[in-house]
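Peer 1: Can you read through this structure? Questions will come right after.
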Amino acid sequence: MSAAQGILMAVAITGGTLLILACVGLPFLIASRNARRLLTEGVSAQAVVESMADTGVTVNGQPVVSFALEVRPEHGAAYRVTHRQSLPCIPMGMVVPGVTLPVRIDPQRPARLRIDWSAWRPAPNGV
């Protein structure tokens with residue numbers, strides 16, 4: 688193999704690797720950006736946890752949980768939604784069915800929401 692062929696092979700392998708990384712990583716970057724945007728620009732609402740289940744997935748050491756929520760917007764009727772989001776370790780034992788959580792909802796697509804863990808304060812009696 689000549690030096691030119693070796694360089695061409697290295698460029699092809701590097702390019703292919705970068706393409707694969709972009710295809711795999713880009714959706715995660717977009718989802719993360721959308722979640723941050725929803726927390727800053729979404730409409731505040733409350734959501735009551737109806738049930739929750741572990742998905743078996745962890746992100747940065749935090750379990751991803753599937754929440755069944757009843758969302759109660761300030762203006763409009765309550766509605767139910769299933770939502771997957773990581774559950775920080777600190778409130779883990781305090782988030783149980785019946786607990787009310789602050790959420791931010793997308794006004795254009797109300798089923799899209801994020802639990803606002805930074806705004807959550809546990810009730811004195813736990814629920």
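End of the sequence shown = 814 in the working numbering, gap-free, step of one.
Cβ atoms here follow ideal geometry from the backbone N, Cα and C, with glycine treated the same way.
(1) Tell me, which residues are paired with Ala732 by DSSP?
(2) Considering only DSSP beta bridges, list what Thr727 is partnered with.
(3) With DSSP collapsed to three states, give me the class of Val752.
(4) Run through the DSSP bridge pairs and tell me what Gln772 is partnered with.
(5) With Ile802 as the anchor, note down where its beta strand (DSSP E) starts and where it stops.
(6) Report the residue from Met779, Pro775, Val736 and Gly743 whose alpha carbon sits nearest the alpha carbon of Val758.
(7) Expressed to the nearest angstrom, what Euclidean distance is found between the alpha-carbon atoms of Trp807 and Gly785?
Peer 2: Looking at the atomic coordinates:
(1) Numbered from 1 along the sequence shown, position 45 holds the residue referred to as residue 732. BP columns for Ala732 point to Pro760 and Val790.
(2) The residue labelled residue 727 in the question sits at position 40 within the sequence shown. According to DSSP, Thr727 bridges with nothing at all.
(3) Position 65 of the sequence shown, counting from 1, holds the residue named residue 752. Val752: strand per DSSP, three-state reduction.
(4) Working through the sequence shown from its first residue, we reach residue 772 at position 85. Beta-bridge pairing links Gln772 to Val752.
(5) Mapped onto the sequence shown, residue 802 falls at position 115. First-last of the beta strand (DSSP E) with Ile802: Leu800 to Ile802.
(6) To locate residue 758, count along the sequence shown from 1; it is residue 71. Of the candidates Met779, Pro775, Val736 and Gly743, the one whose C-alpha sits nearest the C-alpha of Val758 is Val736.
(7) Along the sequence shown, one-based indexing puts residue 807 at 120. Along the sequence shown, one-based indexing puts residue 785 at 98. Looking at the two C-alpha atoms, the distance is approximately 14 Å.
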